[in-house]
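Engineer: I'd like to ask some things about the structure below.
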Amino acid sequence: MSGAPRYDLPEPDAFTRTYWEAAAQGRLLIRRCGACARAHHYPREFCPHCWSDDVTWQEASGRATLYTWSVVHRNDLPPFRERTPYVAAVVDLAEGPRMMTEVVECGEGELRAGTELEVAFRDGVPVFRTRRAKAHQGSKVH
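No gaps in the numbering here: position 53 of the sequence shown is 52 in numbering that gives the first Met the number 0, and each next residue is one more.
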């Protein structure tokens, strides 16, 4: 379906452009508050914990643990339709924030709460996969 809208790709704005440019380079960014020192994700111009606007970008380690997930068997939006079934997930980043994402390269029977994950990138969007002993962090997923 040529020219169909892509519901899986970001539409960066002036504020989120830094985040999406880093992701396109294989780097996951989070925001860290200078006032309370807590990290948060998704990117916001203020801290959702103490409301300070003293927040900066920080590169995340790319490590996470699986908090919860759901296997999606039907989604009519392109390109998700072609990806079913896929694993929609919530992960706890090593730096503390929780993040909605997708788990890739893993059978649904292999997933358990607490599974160790690492970031990968598909079309400049962070996704996660099970952590490999000597895997190259931030690699591309096709």
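Beta carbons are placed, not taken as given, at the ideal position from N, Cα and C, and that holds for glycine.
Leaving out the 5 sequence neighbours to the left and right, which residues in its chain are closer than 6 Å to A38 when beta-carbon positions are compared?
Structural biologist: Numbered from 1 along the sequence shown, position 39 holds the residue referred to as residue 38. Contacts found: I29, R31, E94, G95, P96.
Engineer: Over what stretch of residues does the beta strand (DSSP E) that includes A87 continue unbroken?
Structural biologist: Position 88 of the sequence shown holds residue 87. 85-92 is the span of the beta strand (DSSP E), which, as asked, contains A87.
Engineer: Can you say whether P4 is buried or exposed, counting buried as having 16 or more other CB atoms within 10 angstroms of its CB?
Structural biologist: Here residue 4 refers to the residue found at position 5 when the sequence shown is read from its first residue. Exposed.
Engineer: Can you say whether G113 is buried or exposed, counting buried as having 16 or more other CB atoms within 10 angstroms of its CB?
Structural biologist: Stepping through the sequence shown from its first residue, residue 113 is reached at position 114. Exposed, because fewer than 16 other Cβ atoms sit within 10 Å of the Cβ of G113.
Engineer: To which residues of the same chain is R80 closer than 8 Å at the C-beta, ignoring the five residues directly before and after it?
Structural biologist: Taking the first residue of the sequence shown as position 1, residue 80 is located at position 81. Excluding positions up to five away in sequence, the list reads N74.
Engineer: Measure the alpha-carbon distance for E107 versus V70 and round it to whole angstroms.
Structural biologist: Here the question's residue 107 lines up with position 108 in the sequence shown. Here the question's residue 70 lines up with position 71 in the sequence shown. Answer to the nearest angstrom: the Cα atoms are 7 Å apart.
Engineer: Which two residues bound the contiguous alpha helix (DSSP H) that contains Y18?
Structural biologist: The residue you call residue 18 lines up with position 19 of the sequence shown. It spans 16-23 - the alpha helix (DSSP H) in which Y18 sits, taken as one unbroken run.
Engineer: Taking the straight line between their C-alpha atoms, what separation do you get for V126 and P47?
Structural biologist: Here residue 126 refers to the residue found at position 127 of the sequence shown. Here residue 47 refers to the residue found at position 48 of the sequence shown. Spanning the two alpha carbons is a distance of roughly 23 Å.
Engineer: Determine the DSSP secondary structure at E58, reduced to helix, strand or coil.
Structural biologist: For the purposes of this step, residue 58 is identified with residue 59 of the sequence shown, where counting begins at 1. It is a strand residue.
Engineer: Quick check on the DSSP output: the beta strand (DSSP E) that includes E117 runs from which residue to which?
Structural biologist: Here residue 117 corresponds to residue number 118 of the sequence shown, with the count starting at 1. Looking at the DSSP string, the run of the beta strand (DSSP E) that includes E117 is 115-121.
Engineer: With H, G and I counted as helix, E and B as strand and the rest as coil, what does DSSP make of F79?
Structural biologist: Residue mapping note: residue 79 aligns to position 80 of the sequence shown, counting from 1. Three-state result, F79: helix.
Engineer: Does F14 pass the burial test, meaning 16 or more other C-beta atoms within 10 Å, or should it be called exposed?
Structural biologist: Along the sequence shown, read from residue 1 onward, the residue named residue 14 stands at position 15. By the 10 Å Cβ count, F14 comes out exposed.
Engineer: What would DSSP say about E44, mapped onto helix, strand or coil?
Structural biologist: Position 45 of the sequence shown, counted from the start, is the residue given in the question as residue 44. Of the three classes helix, strand and coil, the one that applies to E44 here is coil, per DSSP.
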